[in-house]
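Worksheet: one structure, shown below.
Protein chains: 2
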Amino acid sequence: MTAPAPARPRARRGEGDRLREDILAAAERLLLDTGRESALSVRAIADAVGVSPPSIYLHFADRDELVLAVCERHFQAFEECLLAAIQGVADPVQRIRRMSEAYIRFGLEHPEPYRIMFMGSPVDGAEEFSQEKLAAACGFDHVLAAVQEAIDAGRFRIDDAFLGATLLWSTVHGVTSLLIAKPWFPWPEPEVHLAAALDLCERGLLRLDQPQKPEKAKKTTKAKRP
Amino acid sequence: MTAPAPARPRARRGEGDRLREDILAAAERLLLDTGRESALSVRAIADAVGVSPPSIYLHFADRDELVLAVCERHFQAFEECLLAAIQGVADPVQRIRRMSEAYIRFGLEHPEPYRIMFMGSPVDGAEEFSQEKLAAACGFDHVLAAVQEAIDAGRFRIDDAFLGATLLWSTVHGVTSLLIAKPWFPWPEPEVHLAAALDLCERGLLRLDQPQKPEKAKKTTKAKRP
DNA sequence: TGTACATCAGTGAACGCGCGTTCACTGATGTAC
DNA sequence: TGTACATCAGTGAACGCGCGTTCACTGATGTAC
């Protein structure tokens with residue numbers, strides 16, 4: 095499983111920085127392969143690159159800095175993926191759907207990065223991953239903009255765009271993270287699941303002809319199902 | 095932070111099993127205090143109980159068995175908490191609300207157990223925490239029953255109770271787990287957040303007078319907001 | 001009532017392991033004179 | 001064109017640490033005779 099060591103040739107004079115890239119790439123691959131952040135040990139990464147452990151310290155102050163750099167890459171990749179999904183889509187509600195689909199897809203394709211970014215402990219590196227960075231990575235600002243646009247166009251019931259974006263994020267994250275955390279649960283097919291979740295967001299569960307405060311009128315109208 | 099050692103008196107002849115309980119209790123407290131599963135080392139637990147590390151092995155085969163036992167306790171506590179919340183509530187939609195509120199409350203009050211139970215890696219102890227146990231713990235069956243009841247009463251748009259219960263779980267888990275994972279994000283107040291999420295589930299985002307497939311009619315009707 | 005003995009509830013010391021990190025070094029390579 | 005030298009890109013060996021786990025043991029206590 096852990097390849098012994100490919101033995102990396104020494105870089106030429108001015109090209110020392112290439113090792114930094116190689117380390118990050120190896121760490122990224124290691125994370126995807128093993129699926130556990132704990133697999134990112136300095137020794138394992140050095141092995142994967144084909145270099146001795148102390149070499150890591152030529153480019154990173156300590157292990158934390160390395161892991162943060164790996165995460166930062168994933169954050170960027172995530173944001174790019176989301177942005178690509180809404181390229182040229184004018185309709186705000188449609189943009190929200192596209193971003194949500196891209197969000198889940200990214201999460202399922204990169205479960206470990208997703209886990210570290212959005213399901214990990216807030217303690218490690220909380221300072222580094224500031225609110226703005228996180229908001230950017232998960233496309234929050236773009237969802238917020240789309241929600242505001244939909245509200246302005248009179249498409250949404252709610253009038254608080256920030257709350258709406260938060261709810262959408264919660265919903266999509268809920269589906270994504272449960273699929274990642276409990277893969278053996280008998281979930282619906284991912285597409286069905288996501289489509290249903292988005293439909294839930296858009297249209298809700300209750301019948302349109304029902305009273306909206308059900309506790310006031312218990313089981314009075316037994317509407318027959320279509 | 096880590097209290098050195100309270101020094102536990104040796105149990106009397108037939109009461110060896112009391113140590114097992116003490117170990118579990120100490121581990122539970124340790125988990126709540128530190129907020130990290132990695133804090134549950136055999137040595138740390140032994141220290142907290144006031145006993146030597148090998149004593150742990152009188153009652154647990156290895157560390158994994160211990161951690162699983164701790165989790166099992168939390169699973170039970172969670173289920174009891176959810177059941178208590180719907181005690182005597184007849185209306186199914188109301189039951190769903192009550193369970194959701196209890197779910198989030200439990201999650202926020204016991205973030206680390208919640209993290210381990212529902213946000214952790216599926217690898218460790220996946221066999222032990224079978225689908226049925228998980229479903230029981232998170233009250234899935236009770237939500238499922240409530241959804242089915244609501245469907246039978248003609249209260250819900252959907253007709254697939256399992257899908258509905260899954261969506262509710264996803265939604266509530268989404269809010270809970272994001273609050274736990276990203277506590278420094280400028281979330282709405284938890285009650286507002288949850289209420290909005292449940293309202294979202296029930297009634298959706300879109301205006302009721304809007305076409306349901308917005309991609310077919312882009313920005314045609316600029317309904318003015320109330 | 002006295003005593004030998006089995007059992008119970010633990011303990012002390014040590015094992016091997018992988019970890020992050022440090023330190024003094026090495027050998028190739030470009031550059032100044 | 002030749003050579004001394006600074007610099008660059010790393011390496012080998014070792015440090016101390018905390019971990020899970022094992023092993024032989026100890027001392028109190030109940031029980032059989």
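Listed in order, the protein sequences are those of chains Z and E.
Taking the working numbering, the leading residue of the first sequence gets 95, the next gets one more, and so forth.
Taking the working numbering, the leading residue of the second sequence gets 95, the next gets one more, and so forth.
In this text, a Cβ means the ideal position worked out from N, Cα and C, and glycines have one as well.
Residue pairing of L300 (chain Z) in beta bridges, as defined by DSSP: E:F250.
The C-beta of T265 (chain Z) comes closer than 7 Å to at least one C-beta of chain E. Legend: CB atoms of the region 223 to 235 of chain Z lying less than 7 Å from CB atoms of chain E belong to residues Q225 and L228. For A255 (chain Z), the enclosing alpha helix (DSSP H) covers residues A255 to A275. Look at the region 125 to 150 of chain Z: the residues with a C-beta under 7 Å from a C-beta of chain E are R130. Approximately 11 Å separates the beta-carbon atoms of L162 (chain E) and A121 (chain E); this is outside 8 Å, ruling out the contact. H168 (chain Z): member of the alpha helix (DSSP H) spanning R157 to A179, first to last residue. For V269 (chain E), the C-beta contacts it makes with chain Z under 8 Å involve S264 and G268, in order along the chain. Between L300 (chain Z) and R167 (chain E) a beta carbon distance of about 37 Å is seen, past the 8 Å cut, so the two are scored as non-contacting. Out of Z:V164, Z:F169, Z:R209 and Z:Q188, the CA that lies nearest to the CA of R249 (chain Z) is found in Z:Q188. Using a Cβ-Cβ cut-off of 7 Å, M213 (chain E) counts as an interface residue toward chain Z, since at least one Cβ of chain Z sits closer than that to its own. Scanning its chain for C-beta atoms nearer than 7 Å, with the 5 sequence neighbours on each side dropped, one finds around I180 (chain E) the residues R189, R192, M193 and H236, in chain order. Contact of A289 (chain E) with chain Z by beta-carbon distance below 7 Å is absent, the smallest such distance being about 10 Å.
Pairing V143 (chain E) with R104 (chain E), the inter-Cα distance amounts to about 12 Å. With contacts defined by Cβ atoms closer than 7 Å, A291 (chain E) and L152 (chain Z) do not form a contacting pair. Secondary structure of E283 (chain Z) (DSSP, three-state): coil. Bounds of the alpha helix (DSSP H) holding V143 (chain Z) are V136 to V143.
Look at F279 (chain Z): its C-beta is under 7 Å from a C-beta on chain E.
Contact note: R157 (chain E) does not reach chain Z at a C-beta cutoff of 9 Å; the least C-beta distance is about 15 Å.
The C-beta distance from A240 (chain E) to P186 (chain E) rounds to 4 Å, short enough to fall under 8 Å. Between L125 (chain Z) and V164 (chain Z), the beta carbon gap of about 7 Å places them in contact (Cβ cut-off 8 Å).
Taken atom to atom, the span from the alpha-carbon of F172 (chain Z) to that of L177 (chain E) is near 39 Å.
The beta-carbon separation of L272 (chain Z) and S264 (chain E), rounded to 6 Å, stays under the 8 Å limit for a contact. With contacts defined as CB atoms closer than 7 Å, E195 (chain Z) and G129 (chain Z) fail to qualify as a contacting pair. Looking at the backbone, the Cα of G268 (chain E) and that of E115 (chain Z) are separated by about 35 Å. In terms of Cα proximity to L118 (chain E), the closest of E:I139, E:A244 and E:M213 is E:I139.
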